[in-house]
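Chemist: Quick one: the structure is below, questions incoming.
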Amino acid sequence: MGHTSLDKIIALQKNPANIRNLCILAHVDHGKTTLADCLVASNGIISSRLAGKLRYLDSREDEQVRGITMKSSAISLHYSNGDQEYLLNLIDSPGHVDFSSEVSTAVRLCDGAIVIVDAVEGVCPQTQVVLRQAWLENIRPVLVINKIDRLIVELKLTSQEAYTHLQKILEQVNAVTGTLFTSKVLEERAEKEKEEEKEKEKGSETSSGDQVYDWSAGLEEADDSHLYFSPDQGNVVFASAIDGWGFSIQQFAHIYSQRMGIKAEVLLKTLWGDFYLNAKAKKIMKGAQAKGKKPLFVQLVLDNIWSLYDAVVTRRDKEKVEKVVTSLGVKVMARDSRHSDPKVLLSAICSQWLPVSQAVLSMVCEKLPSPLDIAAERVEKLMSVGARRFDTLPKETQELKRAFLQCSSKENAPVIVFVSKMFAVDTKALPQNRQRPLTQEEIAQRRALARQRHADRMAAGQPAETADKDPDHSGSTPQEGQPAGPSTAKIESLTVKESKPGEEEEQKETFIAFARVYSGVVKKGQRVFVLGPKYDPTQGVNMLPEGCSASDCASEVPHLSCCSMESIYLLMGRELEELEEVPSGNVLGIGGLEECVLKSATLSTSPACPPFIPLNFEASPIVRVAVEPKHPSEMPKLVRGMRLLNQADPCAEVLIQETGEHVLVTAGEVHLQRCLDDLRDRFAKIEITASKPIIPFRETVVRPPKVDMVNEEMGKQQKLAIIHQVKEEASQGRSSDTLHVDPSGLVTLTTPNRLATVSVQAIPLPQEVTSLLESSSELIRTLEQVNISLREGRSLEVSLRTLEAITGLKAQLESLLQGRKWRNAVERIWAFGPRRYGPNILLNSVEGYQRPSVWQCLGKGDKAAEAGSQAPVLRDFDNSIVSGFQLGTLSGPMCEEPLMGVCFSVVRWDIQSSAPLQHQDSLEEDLVSHEALADNKAAGGSETSAQAEGTAEGPSQARRRPEVTSIDCYGPVSGQLIAAMKEACRHAFQAQPQRLMAAMYTCDIMATAEVLGKVYGVLGKREGHVLHEEMKEGTDMFIIKAVLPVAESFGFADEIRKRTSGLASPQLVFSHWEVISSDPYWVPTTEEEYLHFGEKADSANQALKYMNAVRRRKGLYVEEKIVEHAEKQRTLSKNK
């Protein structure tokens, strides 16, 4: 471990005031790992000559090959600043957008962050993302402006131009932070105003008068001085990590205060800013820009660096270099000065004059908070999970906040640990399995042992050769290895040999939890509670006896389990060091949790501890592939391998679809490649084949178009053709007497037993409503849970914030659904779908049917609930309608993909007064057969009767069916009604103009002017369209923002790099769903269309191409000609 011994680090861990937990965040290729190398080299772990070339924290082979970081890895460093000694737990994180989930896991464990910005590229899309992630986790950032050497060597700026360029970069970074801060202040302001209004409820004039004044005051009063980056505050370092130099203004203020006799405090304030040195008056004056003078920063700082580069790199002036070296008082070795590469000499001089590690580490120690300074606001935010507010949690839980803030390592302090991810380590790399040199005593012991065994064997008349093969690799002590007798020894050796390969195969990868201790001391072998994300501390405190510990584990509490921390490690980049205990405030690795923690978890010795809020991931996984083994016999290995991969990757998801396919869902192409490599080489260790990416689509309906495909005014014939087509399909599919489609698109369907009839119409939802429903899916899920518990008669405590959010959602829906068609629609919402929280709506337009509102938790559903007690018989049929709608929206008629942005309005829903005679016997039979009853219950009332408890039919319909028994609700009627509802939804959907929706990526490309045309060419070829492009000030780089269908994005990054010779690289992030404008079922109908497109309409229909590809993949019928041109001669070579 170089200069710092393990004992030293263990001693430093006990003083939380001098611990700094920090991560390095930046856009891809801005120099995070290079800077981390410089910091690691300062501890003597690697050579300072190799810093930047070795990329020590990129321990995976593919990271080294691709040159990008793919996982966050931690290392503990020791730093002495004056008489104080600090322990820095540094986490290096990836910058590539595909791995932004790794950034989330790193940010959660830290108190501070180093944000790196490239001096040439400035603030990039991912820089904004990481700043937002740091902001959301309430951690304090400091700024490093890296690659300043590029301004000198590549852009060849003068020191004055470089100064203005650096100022602009600082402004850009501060602008991002300012936006985040302003939005937060305004949110808090709005919340306060709401509370004040509730309290006062005075005249509207005074409150509105106050509002304007308060709003501005809110921003002025809020202290944001600590947020912004400014060199004079000491939270900015200018650096070139590859050349090994970096400085903060403090260093230069210190140097010049000694040389010029000016106070260091004065220089600190004036070195950055519009100040210049008046040599005659020997004063520092303001207004350098107005008077055309050199600012102090240029004159005293940048000019020196520029002249050094000029002498060493550009002109290679030996005499001047010697002068510089002597004036700086640095020692340069002869081989460095003779080296053919001037950069070697440069880094030799700079790393002694302005070592980057010194500048960065001193800034980190002074400016970033220690674990003791954790903000109370952050603690509350971490602990208030889901819909609960911190003040509604039980008293014991609220007391834990004190333990957090004290960060105490006393014996009685509760242990609270958060595991942010699990990572796989080769078992051989664990410290207990690492080979270590033997001591003299051990060698002597082994010698004696071997002689003893040899003598025993000779006595028993065994051949001596087997002695060599004896499986004693473990360095065991003589007591363990004493054989009880020669025969038993032989049997023992055989059994060990047989079991060895199996064990090795099983235990190749060991999972270690990447975690941080927030309170208490974690000891090896300690037992703790594992709190699942849905664990409720109130329940736990009530169900467990007082003072219960994890050793007498109680399994009956839901989402609570116990486990023991078998081993504890210090994370040292590629190495692990075993520890006995870790006090609070430290980052650590924990072994032995793979059975109880999937990806992240909260561990505690106190059952009152709530689970922490889940990590917020910026990139959502969207790219799916189906994976199968090359040899079907290896399926179990693949299943096990995918389970391990799912655990090892915070963002990847593994699912088994209804079709039985094993599907891997990843964040992007690079991430997918890494997951497949891991599966092949580490987790499953078998040959696998991956399908082409499964691209998700959505199906929707649109308003009937006004013009046809040749922009002619739409005649009647097309509409008639559509309805005619639907009717034809309907008559082919089922008997026409059960289905009726009228010209307006209203579909009426009767169940096969003629007992129930439903009429459904599909209406397209406005775009804003769809996006609102999609973004509020979590809230709708919560609303659904609250409604279920209300129907079951349980009361669920909902926090005020959640109720406000639900009220807000309702108000937004009301404001967006305006007009005659949507009158009173929000109150009539029956359900959301698919899966009860999707972006489609089921609307109750049945006359005389009052049912409890979806919004009943807001206190408006009481009357409906009373009405519910009148008609107990019909409750479950309400549920059948909802289940049919859920099934209908889960897979649409075009290519069995989920629907989006469709509203199904149920206009009529009748149930006949009595069953015809031939059905009556079947009903009676059904009452007898209990098995059938159970089956139907499972298939039909899929969400159980409890859910529909409060629902009711209109009184007229209740009177119509008195004689049907209540048990009938699980009989054939229910199942048939579900099927009828599903079919009705599908036909109603087909009666409207249908469209496919494609998933879209936003694509940020940075390119130079000469390759701009090629970038546009690649985008155009792949159906992408450019939103805007702008030129970056002071550079020749263009930033292009475009959208691109996910379906066309595979191989896009590679193609762009090839076409532009690597001068442009895209970042793709999933953005939204967009309707593909062309109709997949379109055929030319009018004369103009025939003239324009021909009979076959040969021009490729994008939507049809996508739709047929999905249908082909799912094994559905695809309407296409096998032989396109039958009149052509077909030979063996050309058989199409």
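The number in this note's numbering is simply the position in the sequence shown, starting from 1, with 112 added.
Idealized CB from N, CA, C, for every residue including glycine.
Using the Cα positions of T869 and P1178, report the straight-line distance between them to the nearest angstrom.
Modeler: Within the sequence shown, residue 869 is the residue found at index 757, counting from 1. Within the sequence shown, residue 1178 is the residue found at index 1066, counting from 1. Near 54 angstroms, if we compare the C-alpha coordinates of P1178 and T869.
Chemist: How many Å lie between F809 and P1010 at the Cα?
Modeler: Residue numbering aside, residue 809 sits at position 697 when the sequence shown is read from its first letter. Residue numbering aside, residue 1010 sits at position 898 when the sequence shown is read from its first letter. Distance between the alpha carbons of F809 and P1010 is about 8 angstroms.
Chemist: Is the beta carbon of S716 closer than 7 angstroms to that of V531?
Modeler: Walking along the sequence shown from the start, residue 531 turns up at place 419. Walking along the sequence shown from the start, residue 716 turns up at place 604. Cβ atoms of V531 and S716: not closer than 7 angstroms.
Chemist: Specify, as a first and last residue, the run of the alpha helix (DSSP H) that K398 falls within.
Modeler: As a working mapping, residue 398 is identified with position 286 in the sequence shown. Run containing K398: none in the alpha helix (DSSP H); it sits in the beta strand (DSSP E), K395 to K398.
Chemist: Indicate whether E1135 and E1167 have their beta-carbon atoms separated by less than 7 angstroms.
Modeler: One-based indexing of the sequence shown puts residue 1135 at position 1023. One-based indexing of the sequence shown puts residue 1167 at position 1055. Result no, Cβ atoms of E1135 and E1167 do not sit closer than 7 angstroms.
Chemist: Tell me whether K1133 sits in a helix, a strand or coil according to DSSP, three-state version.
Modeler: Along the sequence shown, read from residue 1 onward, the residue named residue 1133 stands at position 1021. Correct three-state label for K1133: helix.
Chemist: If you draw a straight line from the alpha carbon of V235 to that of K1153, how long is it in whole angstroms?
Modeler: If you number the sequence shown from 1, residue 235 lands on position 123. If you number the sequence shown from 1, residue 1153 lands on position 1041. Straight-line Cα distance between these residues: approximately 15 angstroms.
Chemist: Run through the DSSP bridge pairs and tell me what H1140 is partnered with.
Modeler: As a working mapping, residue 1140 is identified with position 1028 in the sequence shown. DSSP lists K1153 as partners of H1140.
Chemist: Does DSSP put F535 in a helix, in a strand, or in coil?
Modeler: Translated into the one-based positions of the sequence shown, residue 535 becomes position 423. Strand, per DSSP.
Chemist: Nearest to T863 by alpha carbon, out of D849, P876, I875 and L458?
Modeler: As a first step, residue 863 must be located in the sequence shown, where it is residue number 751. Per the Cα distances, D849.
Chemist: Since L884 is in the alpha helix (DSSP H), which residue starts that stretch and which ends it?
Modeler: As a working mapping, residue 884 is identified with position 772 in the sequence shown. L884 -> alpha helix (DSSP H) spans Q879 to S887.
Chemist: Does DSSP classify V633 as helix, strand or coil?
Modeler: Within the sequence shown, the letter at position 521 stands for residue 633. Note: V633 maps to coil in three-state DSSP.
Chemist: Please look up how many angstroms separate the CB atoms of A388 and F516, rounded, as I've assumed it's under 8 angstroms.
Modeler: For the purposes of this step, residue 388 is taken as the residue at position 276 of the sequence shown. For the purposes of this step, residue 516 is taken as the residue at position 404 of the sequence shown. Checking the displayed sequence, the identity of residue 388 turns out to be Tyr instead of Ala. Rounded, the Cβ-Cβ distance is 49 angstroms, inconsistent with contact.
Chemist: Would S188 and A218 qualify as a contact pair, given that the criterion is a beta-carbon distance under 7 angstroms?
Modeler: Within the sequence shown, residue 188 is the residue found at index 76, counting from 1. Within the sequence shown, residue 218 is the residue found at index 106, counting from 1. Not closer than 7 angstroms, so no.
Chemist: Between Q362, V285 and T270, which has its C-alpha nearest N416's C-alpha?
Modeler: Against the sequence shown, residue 416 aligns to sequence position 304. With distances taken between Cα atoms, N416 lies closest to T270.
Chemist: Distance check for S1190 and Q1214, CA to CA, integer angstroms please.
Modeler: Position 1102 of the sequence shown holds residue 1214. Position 1078 of the sequence shown holds residue 1190. Going from the Cα of Q1214 to the Cα of S1190 covers about 7 angstroms.
Chemist: Report the option in F364, G385 and W384 whose CA atom is closest to the CA atom of A376.
Modeler: On the sequence shown, position 264 is the one that residue 376 refers to. Cα-wise, what sits closest to A376 is F364.
Chemist: Going straight from the alpha carbon of V152 to that of N390, what length do you get?
Modeler: Taking the first residue of the sequence shown as 1, we reach residue 152 at position 40. Taking the first residue of the sequence shown as 1, we reach residue 390 at position 278. Cα to Cα, V152 sits roughly 42 angstroms from N390.
Chemist: What's the C-alpha gap between V1158 and R1107?
Modeler: If you number the sequence shown from 1, residue 1158 lands on position 1046. If you number the sequence shown from 1, residue 1107 lands on position 995. If I take the Cα positions, the gap works out to 17 angstroms.
Chemist: Output the boundary residues of the beta strand (DSSP E) element that contains I226.
Modeler: Taking the first residue of the sequence shown as position 1, residue 226 is located at position 114. First-last of the beta strand (DSSP E) with I226: G224 to D230.
Chemist: If you draw a straight line from the alpha carbon of G1321 to that of L688, how long is it in whole angstroms?
Modeler: Past the boundaries of the shown model lies residue 1321; the chain is included only from 113 to 1248, so the question cannot be answered.
Chemist: What did DSSP end up calling R1107 once you bin it into helix, strand or coil?
Modeler: Here residue 1107 refers to the residue found at position 995 when the sequence shown is read from its first residue. Strand.
Chemist: How many Å lie between L298 and V232 at the Cα?
Modeler: In the sequence shown, counting from the first residue as 1, residue 298 sits at position 186. In the sequence shown, counting from the first residue as 1, residue 232 sits at position 120. About 34 angstroms.
Chemist: Grab me the residues of S474's own chain with a C-beta within less than 6 angstroms of its C-beta, minus the 5 sequence neighbours each way, in chain order.
Modeler: By 1-based counting over the sequence shown, the position of residue 474 is 362. Same-chain partners within the cutoff: N193.
Chemist: May I ask you to report which of helix, strand or coil DSSP gives N193?
Modeler: Residue numbering aside, residue 193 sits at position 81 when the sequence shown is read from its first letter. In this structure, N193 counts as strand in the three-state DSSP scheme.
Chemist: Taking contact to mean at least 3 C-beta pairs separated by less than 8 angstroms, is the stretch 635-646 in contact with the stretch 541-558?
Modeler: As far as the Cβ criterion goes, the stretch 635-646 does not touch the stretch 541-558, which means the pair count is below three.
Chemist: Note down, in chain order, each residue of its chain lying with its Cβ closer than 8 angstroms to the Cβ of G356, except the 5 sequence neighbours on either side.
Modeler: Indexing the sequence shown from 1 puts residue 356 at position 244. Within the same chain, G356 has close Cβ partners C150, S160, A163, G164, S459, C462, S463, P467 and V468.
Chemist: I need the straight-line Cα distance from A129 to I122, nearest angstrom please.
Modeler: Within the sequence shown, the letter at position 17 stands for residue 129. Within the sequence shown, the letter at position 10 stands for residue 122. When rounded, the distance between both Cα atoms is 14 angstroms.
Chemist: Would you tell me roughly how many angstroms separate the C-alpha atoms of G980 and E1231, rounded to the nearest one?
Modeler: As a first step, residue 980 is located in the sequence shown; it is residue number 868 there, counting from the start. As a first step, residue 1231 is located in the sequence shown; it is residue number 1119 there, counting from the start. Here G980 scores only 40 on pLDDT, less than 50, and its place in the model should not be relied on; the value that follows carries that caveat. Taking the straight line from one Cα to the other gives about 49 angstroms.
Chemist: Taking the alpha-carbon positions, what's the H1184 to S883 distance?
Modeler: Mapped onto the sequence shown, residue 1184 falls at position 1072. Mapped onto the sequence shown, residue 883 falls at position 771. Answer to the nearest angstrom: the Cα atoms are 9 angstroms apart.
Chemist: Around the Cβ of Q196, are there at least 16 other Cβ atoms within 10 angstroms (buried) or fewer (exposed)?
Modeler: Numbered from its first residue, the sequence shown carries residue 196 at position 84. That one is exposed.
Chemist: Please state if the CB of L757 and the CB of L727 are separated by a distance shorter than 7 angstroms.
Modeler: Here residue 727 refers to the residue found at position 615 when the sequence shown is read from its first residue. Here residue 757 refers to the residue found at position 645 when the sequence shown is read from its first residue. Result no, Cβ atoms of L727 and L757 do not sit closer than 7 angstroms.
Chemist: On the criterion of 16 or more Cβ atoms from any shown chain inside 10 Å, does T551 qualify as buried, or is it exposed?
Modeler: Here the question's residue 551 lines up with position 439 in the sequence shown. Per the 10 Å Cβ criterion, exposed.
Chemist: Mapping the DSSP letters down to three states, classify I461 as helix, strand or coil.
Modeler: Here residue 461 corresponds to residue number 349 of the sequence shown, with the count starting at 1. The answer is helix: DSSP assigns I461 an H, G or I state.
Chemist: Which ranges would you report for the beta strand (DSSP E) in the stretch 759-797 if only whole runs of at least 3 residues count?
Modeler: Taking only runs of at least 3 residues, the beta strand (DSSP E) segments lying wholly in the stretch 759-797 are 765-768 and 774-778.
Chemist: So what does DSSP say about D204, is it helix, strand or coil?
Modeler: On the sequence shown, residue 204 is found 92 positions in, with the first residue counted as 1. In the structure shown, D204 sits in a strand (DSSP, three-state: E or B).
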